[in-house]
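Written out below as structure tokens is the structure these notes cover.
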Amino acid sequence: MSFRRLTSGGRLDRDKSVKFRFNGKRLKGLSGDTLASALLANDRLLVGRSFKYHRPRGIVGAGVEEPNALFTIGKDGTEQVNVIGTCLELTENLRAKSQNAWPALSFDLRAVNQLFAPIFGAGFYYKTFMGPRLKSWMFYEPHIRHAAGLGKTGTQGTAARHNTRNAFSDVLIIGSGPAGLAAALALAGTGVSVTLAEQDFELGGSILSSQNENLLAWREATLATLNRAENLRLLTRATVQGLFDGNQAIIAIGGTMVESLRARTIIFATGAVERPLVFDDNDLPGVMLASALRTYANRFALLPSKRCIIATNNDSAYETAFDLVTLGATVMIADERNGIAGELLAKSASLGVVVFAGSSIAAVAGKRRIEAVMLGGPHHVRLSCDLLGMSGGWSPLVHLTSQVGSKPQFNPSVQAFVPGPLATGHYVAGACNGSFGTLAAINTGQAQASAVLAALGKKAINKTDVPPLEADRGLAILPSVSPSKSRFAFVDFQNDVTAKDIAQARDEGYTNIEHLKRYTTLGMGTDQGKTSNINALAMLANLRDVPISQVGTTTFRPPFTPLTVGAIVGRSLGQHFRPTRRSPLHDWHEQNGATMIDAGLWKRAWYYNWAGKTPHEAYLKEMELVRHNVGLSDVSTLGKIDVQGKDAAEFLNRVYVNGFAKLAVGRARYGVMLNDDGLVLDDGTTSRISETKFYMTTTTAQAGEVMSWLEYLLQCHWPDLDVHVTSLTDEWGGMALSGPNARQVLERAFPEEDLSDSALPYMAVKDIEYEKVPIRILRLSFSGELGYEIHCPANFTQGLWEHVLKMGASAGLKPYGLEALASLRIEKGHVAGLELDHRNSLDDLGLGKMASSKKSFVGDTLRMREDMMAPERWSLVGLELLEPGKKLRGGAILFAAKDEIKGHGRGYITSVTWSTDLQIYVALGLYQGGLAHENEEIIAAFPLKNEKVRLRIVSPHFIDREGTRLNA
Amino acid sequence: MARGYSIFSILKHALRPKQPWPEAWAKPEPKSSYDAIVIGGGGHGLATAYYLAKNHGLKNIAVLEKGHIGSGNVGRNTTIIRSNYMLGANTAFFEKSLKMWEGLSHELDFNCMVSHRGQITVGISPTQMDSFARRGNIMRLNGIDAELLDRQELEKELPYLDYSKSARYPIWGALHQPRAGTVRHDAVAWGYARAASQLGVHIIENCEVTGILKADNTVTGVETTRGRILSDKVGIAVAGHTSHVAKMAGLRLPVESHVLQAFVTEPVKPMVHHVVSWGAELFYLSQSDKGGMVFGGHIDGFNTYTQRGQFFKAKEVMECAVALMPFMSRMRLLRAWGGLVDMTPDGSPFICTTPIDGLYLNGGWCYQGFKATPASGFTFAHTMAKNEAHHLSAGFALDRLMKGKELDEHGVGNWTYKQ
Amino acid sequence: MSEFRYGGDATKKRPGPGAGGLKVWHEYVFTFDNPKGPHEEFWQHTLGCRQWFKLKRNTATNEILGGGA
Ligand SMILES: Cc1cc2nc3c(=O)[nH]c(=O)nc-3n(C[C@H](O)[C@H](O)[C@H](O)COP(=O)(O)OP(=O)(O)OC[C@H]3O[C@@H](n4cnc5c(N)ncnc54)[C@H](O)[C@@H]3O)c2cc1C
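In order, the protein sequences belong to chains A, Y and D. Note that the working numbering gives residue 500 to position 240 of the first sequence, counting from 1, and the numbers run on in steps of one. Note that the working numbering gives residue 207 to position 188 of the second sequence, counting from 1, and the numbers run on in steps of one. Note that the working numbering gives residue 71 to position 68 of the third sequence, counting from 1, and the numbers run on in steps of one.
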């Protein structure tokens, strides 16, 4: 046993025993334990294997800095890997597994990797595995990948329900150590809203690791005040993971909530973590941070059972030694320094702590756990022990200040990087700023709280109590870290980076800290180098013979500790990944046999089961219905924009290529819009409702873009135009009634209205009322048949749809879906979808004639660019399949008959359908030179399926070229 | 060809630990003049210098880098290489690049870990499958590998995607390029630097170009933080800082700087064996050799020079990850970062001469320039040496927008922030 | 989905309808100052009042410097 659990003390509930499993074995801990402390209480020192060499590894720390104690929690596809055992609260029936050990933790075959350590050094992979042939890496990679990786992740999504929320606060205090608590205390009752976020499950930070009665009492009293104060929010298990522009703090709370907090001011009181020392085999289980020993003793009632050695280069480790001795442990100190303060020596002597001055650790002995140390220096002795605590000084957790752009600066007096100049509204207190003493932390916490109050325009009112404590000692610390040339003196435990690797990287010129990091993988583990970075910097500075400040640090990036992706995503899962847009007829479709399909954010009726079981079967039936009788289709997804104002006609004249100024009231016109670059943006029909009011429709896909574009032009560039645009897309629904019998149905639906060809000719519009519902009937056609679109407010759309269907029932009216809609338009030669892809000009789409020469319009200049006017550009053609029995496919590449089938061809097929009228496959496509090649026989190649078919170029208007059906 | 790295040299150094490894690339002081200067020690700048020395016999070349080499996008990207480009001027160029990747580790004597693990783009609608078909057909017609996968075939390859009814976007199939993959990004910078250095190229770090010197309309050199350096050939290859540096020569370009974020999770045992991208939104993910899931999405969407992303965008990208691959919800994010990308109105780059004699431009790479690194260096070296476009990069001229020859591979329209 | 939509450099002057030739429009549509520092730009409150507005922002820090003129 390296540790024994004390029968009293600690922050444990001894009445509540907690059962858990480690590698299948049933163990017990206490309520208040972390997984790490519970394992130590069960004498499980060995908890994992290292990444590269598979060396046995034990718990090193007691908090977020922990590099080794990573576990896989859970089972059966729901495993959570790489969970930090020192931060994981022990819960009943927890299942933990160690990682990276094969076949077993105590017997890991891959530990042979250690034998190859001399060749396995920095940059190993960059220099090997290149031969014998090109692409040899493809042979080696799977093996290397298999050996890499820590745990094996679960294959299923998390079952945990994650939530996200937003919050606002005048002050965010990060950390609840003495500095954070003091700041909160000073702000209690001041009326400013305060959020205090602490990642631990208890408030108190370093106080929790103390045995000082006065300090503990102060914590109790402070918490009592804080709990009473109404302006404070105290969050535990709440890690500030990232800070973003505009003081947006992302706080992960309790594993199931991510809060986005906008804070006016922030007090950083994140504290500091202890640094390990670098010596040979410093990764042996039982070698731990000195401060961790203190935490395990005071907070978790775990005392070194035999002898504990503490190795240090600074004063802070003495506190650990004194606490341990007070609790009954045997402790010796190996201090690298010679000039140790007299009072420390005196106190050590009085407590029976033997101090070896000028002594560092020369070697450690033990197989799976530490058994003895050899001291270097004047006292060349071997000391048996069962634990070794090490203290290489302290590193302030400057991660968060750095994330928001404050470059860390080296403070030589504490041998640490502290935050550099801070942005307005940011304050730093306590150990995070290099003020390592408890009193200093409390004082700076208070002072920063006053500064915050002043900044927020409040008066500081709270003079808070300070516990009676001994004055802080300054952190007397020996600066340099002596690099060891040996093989296994680890700097980064998790990634197995040794001092020797760093020396080698220096030799090879990877002397920039970023190069060093990437070349050796230092600091790139799940701990992101919390314990390793500064030691590496110091070593590099030494090797380069420059001050450490010149080496600088690597960049700190969010998150602060590993954060599950699921927690960030919250509820934006599955169907809620993105919003779903439903037409007002959605429920009707679902209840009446429609199969739905996604179109952007919309769900649309694809085809109906009245027409068939497969989409192919169904769309053909639906097409025939429209061509020969009459069908009804939901077109509610079209963009619908109300354009009003004195200058509405002028505005439309500017945004459409064709003229709208002279459009008569009651008439509709097909229009095309370009972008500024002269390429086609969208098309649609716009009708004139009155002199100053127009009703625009856009394609479903571009509705949002067009709306924003119109608003942009009006608000940013043409504010002098008296025009307002309002989107009616969601407010109005619509249906298309098409087919030779459309008028007959329409007249039955609205018997009061004159809907004859003369009253409502092709491209006319009429507003009517039916049962007090305003209805707009537009006579237009996408299908090529006699057709009407009937629009009305969304909440009446279903009623109207049902009414029309009912009135058409005797004529055989039935609904048709998106597939048929799209096929009908292909037969008619209307461009849509893949033809409107921002790459085509008016002429490319055969619409050049529409451009007015009498007025200026958006895109009129750049559409005339040299290449866009070239006759060999690809332009719209119709295509007929000449080989019955074969298939035409979208995405096929077009070639002239004489061409070699390679390269980019002369065009491609955009849309294909079976023509029920012509009984062949027809398609729209773009072809070099376009209709100048009408009637030529060409080839469509589809090498992905090894297909090649012959086609003929024809007019894209496969049916009713003269428009007799439309005008019927 | 650079030489010296192998298992034997490693063994030799292991046996003789006293003998240190040589510096990977030399760190000389800048000279007062060079035959050619490349501004920017990213992938493109270093590759350009290497091919200038290797293919064009220039002896006296310098790469000037304001920080350390590889500190820009070459060391920040998600390392995807592919050649699934369908527009005329793009296809051959990117395929040349992919071919060059295949031999790059040998060429440079530096293992760049070129992994041809394949890229699979998942399609979410029949229309999208048609556009994938067009792309795939063009690839095949140009000798590039491509295959269409239907839903069943895809499910065999990528069993961990969400094929369930509760998926917001259904999966229809995919386009697969088996030779696409990933490359260890830092190795590319270091490998080119080492190989160039062995050919005598001066790689000068901590040397920021602060001015471009001209006489009339001809370049004469640059002003730097390490003094004035003369040369009558200056190439700009500074990615996110393209506008900034070009402005020193009085040029205003079709380029805006945007931040693109990327993310990596904790390392886990192999799970994802391809590069996977998605047709619903721009999203791509691969698992690094070390085991972390490396993924990213679209740019944040407004000009910035801060290499810091916004949380809303990070969240959107995570949402894509989980929507496509539900297991990603339990993976833990280790690190998020950002890089400055040089966005152009048509999403395609420039490798070209400029209106100023002796000044050459390599930029506008958007978020797709890593895969282009070898071919970009190769063709840009040609342009700098011969003062003319290489036929492979002839489409990447500065005047293409003036002429209406946009190369809008995605069909997004003329907005840098939407490309 | 974000509440605001970016609309690019607001200092560029859009040539009036019918005004400006190829060069002017090319300059307007395709080239950018792209400054590192203060940048006046358009944004739209897309998921709100749909107003387009000008904003001054420092592109080197993303600090908002105020509304645009
Ligand atoms: C997050 C992210 C993910 C990406 N993912 C991919 C991907 O998966 N696949 C892909 O193909 N592409 C990807 N890209 C794009 C790709 O990384 C870049 O297009 C490419 O790296 C740019 O070329 P470069 O390597 O030369 O640039 P950089 O590495 O940025 O090099 C430019 C160099 O110029 C230096 N410089 C700047 N100003 C000066 C000056 N005044 N003086 C001297 N030096 C200067 C910079 O310090 C920098 O080192 C991604 C980019 C990012 C940011």
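By construction, the Cβ of each residue, glycine as well, lies at the ideal position given by its N, Cα and C atoms. This structure is a prediction, so every number in the text was calculated from the model and none was measured.
Residue i CB to nearest heavy atom of ligand 1 below 7 Å
{"i": "T392/Y", "result": "yes"}
{"i": "Q508/A", "result": "no"}
{"i": "W384/Y", "result": "yes"}
{"i": "K85/Y", "result": "yes"}
{"i": "V295/Y", "result": "no"}
{"i": "G139/Y", "result": "Position check: residue 139/Y holds Ile in this sequence, whereas Gly was assumed. For ligand 1, not one heavy atom lies less than 7 Å from the Cβ of I139/Y."}
{"i": "V220/Y", "result": "no"}
{"i": "G441/Y", "result": "The requested residue 441/Y is not part of the displayed model; chain Y covers only 20 to 438."}
{"i": "A258/Y", "result": "yes"}
{"i": "T98/Y", "result": "yes"}
{"i": "L553/A", "result": "no"}
{"i": "A355/Y", "result": "no"}
{"i": "S90/Y", "result": "yes"}
Boundaries (first-last residue) of the alpha helix (DSSP H) holding residue i
{"i": "Q438/Y", "result": "It is not in any alpha helix (DSSP H) - Q438/Y carries neither H nor E in the DSSP assignment."}
{"i": "G64/Y", "result": "G62 to H75"}
{"i": "A707/A", "result": "T698 to A715"}
Among the options, the one whose alpha carbon lies nearest that of residue i
{"i": "Y1187/A", "options": "I828/A, S1215/A, L1204/A and G853/A", "result": "S1215/A"}
{"i": "L647/A", "options": "G830/A, Y868/A and R264/A", "result": "R264/A"}
{"i": "A407/A", "options": "T821/A, S310/A and T485/A", "result": "S310/A"}
{"i": "H277/Y", "options": "G51/D, T49/D and A63/D", "result": "A63/D"}
{"i": "V207/Y", "options": "V431/Y, A43/Y and L378/Y", "result": "A43/Y"}
{"i": "W978/A", "options": "T413/A, L912/A, E534/A and V1033/A", "result": "L912/A"}
{"i": "T97/Y", "options": "D308/Y, H87/Y and T239/Y", "result": "D308/Y"}
{"i": "K276/A", "options": "S268/A, H876/A and L290/A", "result": "L290/A"}
{"i": "A199/Y", "options": "S116/Y, A299/Y, W356/Y and P374/Y", "result": "S116/Y"}
{"i": "S1229/A", "options": "S619/A, R628/A and T586/A", "result": "Residue 1229/A lies beyond the residue range present for chain A, which begins at 261 and ends at 1228; the question has no answer from this structure."}
{"i": "V1172/A", "options": "F670/A, L1081/A, V751/A and A1002/A", "result": "L1081/A"}
{"i": "L1204/A", "options": "H135/Y, E126/Y, P145/Y and L160/Y", "result": "L160/Y"}
{"i": "L71/Y", "options": "T435/Y, F397/Y, D427/Y and L426/Y", "result": "F397/Y"}
{"i": "Y1168/A", "options": "E1160/A, V1182/A, I1180/A and I1153/A", "result": "I1153/A"}
Where the beta strand (DSSP E) through residue i begins and ends
{"i": "G10/D", "result": "R8 to D12"}
{"i": "F428/A", "result": "N423 to I434"}
Cross-chain neighbours of residue i in chain Y, by beta carbon under 7 Å
{"i": "T64/D", "result": "T325"}
{"i": "N507/A", "result": "Result: empty, since nearest Cβ-Cβ is about 12 Å, beyond 7 Å."}
Chain A residues whose Cβ lies nearer than 9 Å to that of residue i
{"i": "A355/Y", "result": "G502, R817, P818 and P819"}
Chain D residues whose Cβ lies nearer than 7 Å to that of residue i
{"i": "S276/Y", "result": "N37"}
Neighbour list for residue i in chain D, Cβ cutoff strictly below 9 Å
{"i": "E971/A", "result": "Q47, R53, Q54 and W55"}
Contact list for residue i against chain D, beta-carbon separation under 8 Å
{"i": "P364/Y", "result": "V32 and F33"}
Within chain A, the residues that residue i reaches when beta carbons sit closer than 8 Å
{"i": "R8/D", "result": "S968"}
Heavy atom of ligand 2 within 7 Å of residue i beta-carbon
{"i": "V264/Y", "result": "As presented, the structure is devoid of ligand 2, carrying ligand 1 as its sole ligands."}
Exercise. Where are the beta strand (DSSP E) runs, 3 residues long or more, that stay fully inside the stretch 1024-1072 of chain A, in chain order?
Worked result: 1025-1030, 1033-1038 and 1047-1053
Uninterrupted beta strand (DSSP E) stretches inside the stretch 288-372 of chain A (no shorter than 3 residues):
306-309, 316-318, 330-333, 340-344 and 354-358
My parser needs the beta strand (DSSP E) runs of 3 or more residues fully inside the stretch 1154-1180 of chain A; what are they? The qualifying runs are 1167-1175.
Counting only runs that start and end within the stretch 603-670 of chain A, where is the alpha helix (DSSP H) found for 4 or more residues in a row?
659-663
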